[in-house]
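Chemist: These protein sequence lines map, in sequence, to chains A and B.
Here the first sequence stands for residues 87 to 488, where the numbers follow this note's numbering.
Here the second sequence stands for residues 241 to 742, where the numbers follow this note's numbering.
Every residue gets a Cβ at the ideal spot worked out from N, C-alpha and C, and that includes glycine.
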Amino acid sequence: MSKKFAQKTVGKLTVWAIVSAVILLASIIVMIFAGFNNHILTDSYKTVTVSVQMSSAEYKTEAENIEKICNDAFEEAGMDVVYVSRNKVSTNSHELFYIFGQATKFGTIQETLQSKFSAVAEYEDNFVKVVAHTDSVVEKLPDGYLLRGVLAGVVIAVLAFAYVALRHKIWNGIVAFVATGLSAALSCAVILATRIPITTTVLYAVEFSMLLTAVLVLFTVSKIRKAEKEANEPIATVETVAENVAFKSSLALCISLLCVFAVLAIVGIFAAENFLAFAAISIVAVLVSAFSAIVFAPALYLPIRKLFAAWAEKRARYDYKKGGKGGKQQKSVKQDTPAQTPAPVEETAETAEEAAEETPVEETSEAAEEAVEEAPVEETAEEAVEEAPAEAATEEETDQQE
Amino acid sequence: MGKKKSVVLMVLLNILIIALTVFTVSPTFWFPWNDGLNGWNSPLGEFIDFGSDFKGGYYTYYYPDGVYSEAQYQSNLENYSDEVAEGETQSPRDKYAEGFIAHKGLRLSTDSQYGLVKNGKVNDDFVNEMQRLRNVISDRYSARGYSSFRVAVVDDYAFRVELPAADALYESTFELFSYMGAVNLKIGDTAVEELEEEGVSINDYITNFTIGAQYNFNYIRVNLTQAGKDLIGEKKDSLSTQSSNDTSTTMYICVGDTKILPVYQDNVRSDNLINCAYLEGDNKAQLDTMVVLLNSALEHGEFSVTFSGVSSEIREMENLNGENLDVVILLVLAAITLACIVAMIVKYRRYGVVAAYMTLSYLIVTGLCFAFISGGIFEFTLGSALVYLFVLVLMNVLHAMNYHAIKKQFDLGKTVDSSVMLGYKSTIWLTVDIYAVLLLGALAMLIGAAGVQIMALQAIICLVAGAFCNLLWGRLINYIYLSTQKNKFKYFGFVREDDDDE
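1) DSSP on B/A467, reduced to helix/strand/coil?
2) Let me see if you follow: with CB-CB separation under 8 angstroms, is A/M140 close to chain B or not?
3) If we define contact as Cβ-Cβ less than 8 angstroms, is B/V262 a contact residue for chain A?
4) Report yes if the CB atom of B/S378 is closer than 8 angstroms to the CB atom of A/T286, and no otherwise.
5) Please confirm whether B/R555 has its beta-carbon closer than 8 angstroms to some beta-carbon of chain A.
6) Where DSSP assigns a beta bridge to A/K174, which residues make up the other side?
7) Report, in whole angstroms, the separation of the C-beta atoms of A/D266 and A/A238, which I expect to be a contact under 8 angstroms.
8) Under DSSP, the beta strand (DSSP E) around B/F366 begins and ends at which residues?
9) Are the beta-carbon atoms belonging to B/V550 and B/S418 less than 8 angstroms from one another?
10) Flag B/Y588 as yes if its beta-carbon sits less than 8 angstroms from any beta-carbon of chain A, otherwise no.
11) The beta strand (DSSP E) spanning B/A392 covers which residue range?
12) Tell me where the beta strand (DSSP E) around B/I341 begins and ends.
13) Go through its chain and collect everything with a Cβ distance to A/Q188's Cβ below 6 angstroms, but skip five positions before and after it.
14) Of the residues A/S201, A/E225 and A/V134, which one's Cα is nearest the Cα of A/K191?
15) Closer than 7 angstroms, Cβ to Cβ, to anything on chain B: give me those residues from the stretch 339-364 of chain A, in chain order.
16) Rounded to the nearest angstrom, how far is the Cβ of B/F290 from that of B/Y313, given a contact under 8 angstroms?
17) Any idea which residues DSSP pairs B/A682 with across the strands?
18) Can you list, in chain order, the stretches of the beta strand (DSSP E) that have 3 or more residues and sit fully within the stretch 484-571 of chain B?
19) Just verifying my parser: in three-state terms, what is the DSSP assignment at B/S321?
20) If we ignore side chains and look at the alpha-carbon of each, how far apart do B/L513 and B/I446 end up?
21) Give the range of the beta strand (DSSP E) segment to which A/V353 is assigned.
22) If you run the structure through DSSP and keep just helix, strand and coil, what is A/T220?
23) Under 9 angstroms Cβ-Cβ, which residues of chain B neighbour A/D229?
24) Give me the chain B residues within the contact set of A/F294, using Cβ-Cβ distance strictly less than 7 angstroms, ordered along the chain.
25) Under the rule that 16 or more other beta-carbon atoms within 10 Å means buried, what is A/W257, buried or exposed?
26) With respect to 7 angstroms, is the separation between the Cβ of B/Y664 and the closest non-hydrogen atom of the ligand MG below this value?
27) Hey, is B/S309's beta-carbon within less than 8 angstroms of any beta-carbon in chain A?
28) For B/F620, which three-state DSSP category applies?
29) Taking the CB atoms as reference points, tell me whether A/M296 and B/G681 lie closer together than 8 angstroms.
30) Which parts of the stretch 118-171 of chain A are runs of the beta strand (DSSP E), unbroken and 3 residues or longer, counting only runs that do not cross its ends?
31) Grab me the residues of B/L683's own chain with a C-beta within less than 8 angstroms of its C-beta, minus the 5 sequence neighbours each way, in chain order.
32) Is it buried or exposed, A/R401, if we count other Cβ atoms within 10 angstroms and call 16 or more buried?
33) Specify, as a first and last residue, the run of the alpha helix (DSSP H) that B/G706 falls within.
34) Out of B/M584, B/T490, B/S349 and B/L425, which one is the CA nearest neighbour of B/V637?
35) Measuring only the C-alpha atoms, how far is B/Y786 from B/G541?
36) Since A/T100 sits in a beta bridge, which residues does DSSP pair it with?
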């Protein structure tokens, strides 16, 4: 099943590139028209502060009633409380801190709530004051947070390229570089497009997706390299690449991580809103990494490998021993006509054979075809050698006739 | 390895791992026979600094002098009598109320000494000053490097600042960052003459402030220009020593009217540079805050607006996302760790038991590192939980891959021992590659700021622990455990029709 899936995905780089581009474009459009969906706690909001001067023991018994008065008043005014924080200012001073969305209209809530408290006899001697504020966020990110985060991402991709290229050849390094970069971009794009509330934790998930993609790419790259060494030829066809995509191990890792984050999401539903948001972001990161490494990377690998195989093949044609027999002469042979230098042609044929023997193991099957193509050259050279004396004889006869 | 030796080693291993696991994950409890005076502090619960993702934090208001919150104004108002005295046209309360204009949830004093109000409207100079203050205060908190914080303008003319619970020095930070004014030097209470001359700026003498380290101490280094060195060279002999501590001859580095750092004769080096405010390594956070303040004051200079009474406005804030989230996250991580152990044992039987040992070892190493390598670096955030879980799952998946590699060799007809050797051999370089790439990635993440940098440091710990478990520890345990087994086929759950060999 994994092979069938891989056969459908490998060789369709254009399709996956278009899909990625569409996702990126969609996120840009959403961002332009709807802006960032900042989490309310990192954005500007409106607040109502209820300050209560009461001993801690007394406050413990009255807290519920005080909150009920506040909630009833907010409900009457049509104001949705997003968060409420029960803060302690000092031993005899407490505070209820209500947070509302930026678009909330206060109206006369301050006066209404104040009068409700003033009307309660028990709170007459207690200082219960209600104040409504507008809270406009100025700064919420550490110095250089975004810039350094992006820089770290770039360095991750470069290091992934460098290591994979050194260990598993440069074409695999290129695949690792592009896949990790794509996973970072797509993670950001999907998070923006799906309007998941943005906090500083988004950067954690983006960096994580890059690391996960690097791991998943390594699974496939390692398998392909092993297959290449066993087959003694490049893995550069849809069939062979599809056969060697490390589907099972990649899926095992991704599914395990998805299960873990699903647990976090379930806990988040009941206990902590930020767990739910973070789990959602992490699930996006895993899915994007799976796409980048299991679908996109093998599709990208194929044309890149073919390109490098073609370059290797081209280099192999000129691959000769420096200063060796027929070495320089081979170049000159290519420039001269075969009839004028019969002896070097024979040696050229031999040199071509030597060159064919000396070419690296990775020589493609096309090189074998090339050897076949060279055979006619040999024959041609031999025929030329046979023809040369014939032509020479013909010329002599012509001269004699004259 | 002989069977007896293997059994002894396995028993010792069991004792060690169980003991360390209990030590790492046990909750805090008190001994009942000691009336709660003595007990056990859980490393994970007590020593880990939880970030604002799990614990609340603190916040305060910065009200410029002359600006009051409506609540404070009403409170002050009630202290005045509303009875009109004889010969007076207004009650004291009305007189007090006349001295303020209302602006949203604030009251601004019309007293000219504050310069807030002009002709019944908010003074433009004050509005411009507020814009400058906005940039300065946000830059200070931004430069401090908290994993999460928030600076907001409240009703246009006040500030509200939030800090995470992990900052134990929050009071000092709130107070220090509220100081507005230029950096200046005083000897005792008298300003240094040279700085009072016209056209002279403190920047002509001081370049910047940095943190230095010596042995187990950190200190603030005052980087001086040549003119600054000459000035200090002239003054140093007349300065008080730290032992005599004569305040009238001590030099102070001030921000506005507030003395921030004392400079004694002992603090002046032979090259006339100043190293002062030596504090032990654990207190580096306080020096970091001072340096940010001093550099900010050096850069921005004088302000006409000052803040006071910041400490009285500090509130402790609960986590808005939920209650006891520090306990919840520890329980979630424990549950997932246990689920990994159970899943591996169910799937791979006795070979899965090796995974259980590896997982527990990973838990012990990472848990103790997170708990005891503190110093304000290792705040536990959602990123920390992410890297812990990622490496935990990766470690178990790689262990499972080892199993399948061994099985593949076994299916080719090799003996169990050969299969183990060849199976491990076939996966070792992939495992090395994966951990190498991840470590490089984690090192690259150190470039990030605040939470990303913290996550990188924790990722390095998790990855080193994971690599150790996968490449060495797990294989060693497998070797020892396998040596204790009578039936090696059963250990791996292998079945071979023709088993003439064993």
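Modeler: Taking the structure as given:
1) In the second sequence, the residue the question calls residue 467 of chain B occupies position 227. It is helical.
2) Indexing the first sequence from 1 puts residue 140 of chain A at position 54. No, A/M140 lies away from the interface with chain B (no Cβ there is under 8 angstroms from its Cβ).
3) Here residue 262 of chain B refers to the residue found at position 22 of the second sequence. So, not an interface residue.
4) Translated into positions along the second sequence, residue 378 of chain B becomes position 138. Translated into positions along the first sequence, residue 286 of chain A becomes position 200. Cβ distance not < 8 angstroms, so B/S378 and A/T286 don't count as in contact.
5) Within the second sequence, numbered from 1, the residue matching residue 555 of chain B stands at position 315. It does: the Cβ of B/R555 has a partner Cβ on chain A nearer than 8 angstroms.
6) Against the first sequence, residue 174 of chain A aligns to sequence position 88. Beta-bridge annotation (DSSP): A/K174 is paired with A/H180 and B/E556.
7) Position 180 of the first sequence, counting from 1, holds the residue named residue 266 of chain A. Position 152 of the first sequence, counting from 1, holds the residue named residue 238 of chain A. Note on identity: in this sequence residue 266 of chain A is Thr, with Asp being the wrong assignment. With 8 angstroms as the limit, A/T266 and A/A238 do not qualify as a contact, their Cβ atoms being about 12 angstroms apart.
8) For this step, residue 366 of chain B is matched to residue 126 along the second sequence. Not the beta strand (DSSP E): B/F366 falls in the alpha helix (DSSP H), residues D364 to R384.
9) In the second sequence, counting from the first residue as 1, residue 550 of chain B sits at position 310. In the second sequence, counting from the first residue as 1, residue 418 of chain B sits at position 178. Yes, these two residues count as a Cβ contact at 8 angstroms.
10) Numbered from its first residue, the second sequence carries residue 588 of chain B at position 348. No - not a single Cβ of chain A is within 8 angstroms of the one on B/Y588.
11) Stepping through the second sequence from its first residue, residue 392 of chain B is reached at position 152. Counting along the chain, the beta strand (DSSP E) containing B/A392 begins and ends at R390 to V394.
12) Translated into positions along the second sequence, residue 341 of chain B becomes position 101. First-last of the beta strand (DSSP E) with B/I341: F340 to H343.
13) Against the first sequence, residue 188 of chain A aligns to sequence position 102. Excluding sequence neighbours, A/Q188 sits near S130 and Y131.
14) Taking the first residue of the first sequence as position 1, residue 191 of chain A is located at position 105. A/K191 has its Cα closest to that of A/V134, out of A/S201, A/E225 and A/V134.
15) From the stretch 339-364 of chain A, only L339, S342, L343, V346, V349, L350, V353, A357, A358, E359, N360 and F364 have a Cβ closer than 7 angstroms to chain B.
16) In the second sequence, the residue the question calls residue 290 of chain B occupies position 50. In the second sequence, the residue the question calls residue 313 of chain B occupies position 73. With a beta-carbon spacing of about 37 angstroms, B/F290 and B/Y313 fall beyond the 8 angstroms limit used to define contacts.
17) Sequence index remark: in the second sequence, residue 682 of chain B carries index 442 (1-based). Its beta-bridge partners do not exist; DSSP assigns none.
18) 491-495, 498-503, 514-520 and 555-557
19) Residue 321 of chain B sits at position 81 when you count from the first residue of the second sequence. Here DSSP, grouped into helix, strand and coil, assigns B/S321 to coil.
20) Along the second sequence, read from residue 1 onward, the residue named residue 513 of chain B stands at position 273. Along the second sequence, read from residue 1 onward, the residue named residue 446 of chain B stands at position 206. When rounded, the distance between both Cα atoms is 10 angstroms.
21) Counting from 1 along the first sequence, the entry for residue 353 of chain A is found at position 267. Annotation: A/V353 is outside any beta strand (DSSP E); the continuous alpha helix (DSSP H) that includes it extends over F333 to F356.
22) Here residue 220 of chain A refers to the residue found at position 134 when the first sequence is read from its first residue. In this structure, DSSP gives A/T220 an extended state, which the three-state scheme calls strand.
23) By one-based count along the first sequence, residue 229 of chain A stands at place 143. Residues of chain B passing the Cβ test: D379, S382, A383, R384, G385, A689 and A690.
24) In the first sequence, counting from the first residue as 1, residue 294 of chain A sits at position 208. Chain B residues near A/F294: L626 and F630.
25) Along the first sequence, read from residue 1 onward, the residue named residue 257 of chain A stands at position 171. The residue in question, A/W257, is buried, as its Cβ has 16 or more Cβ neighbours within 10 Å.
26) No copy of the ligand MG appears in this structure; indeed no ligand is present at all.
27) The residue you call residue 309 of chain B lines up with position 69 of the second sequence. Yes, its Cβ sits closer than 8 angstroms to a Cβ of chain A.
28) Stepping through the second sequence from its first residue, residue 620 of chain B is reached at position 380. The DSSP-derived three-state label of B/F620 is strand.
29) Your numbering for residue 296 of chain A matches position 210 in the first sequence. Your numbering for residue 681 of chain B matches position 441 in the second sequence. Yes, the pair counts as a contact, with Cβ atoms nearer than the cut-off.
30) 131-139
31) Position 443 of the second sequence, counted from the start, is the residue given in the question as residue 683 of chain B. Excluding residues up to 5 positions away in sequence, A696 and I700 lie with their Cβ nearer than 8 angstroms to the Cβ of B/L683 in the same chain.
32) Taking the first sequence and counting its residues from 1, one reaches residue 401 of chain A at position 315. It counts as exposed.
33) Translated into positions along the second sequence, residue 706 of chain B becomes position 466. Residues G691 to F708.
34) Locating residue 637 of chain B in the second sequence gives position 397, where the first residue counts as 1. When only C-alpha atoms are compared, the closest one is B/M584.
35) The structure shown does not extend to residue 786 of chain B, since chain B is modelled only from 241 to 742, so the question has no answer here.
36) If you number the first sequence from 1, residue 100 of chain A lands on position 14. According to DSSP, A/T100 bridges with nothing at all.
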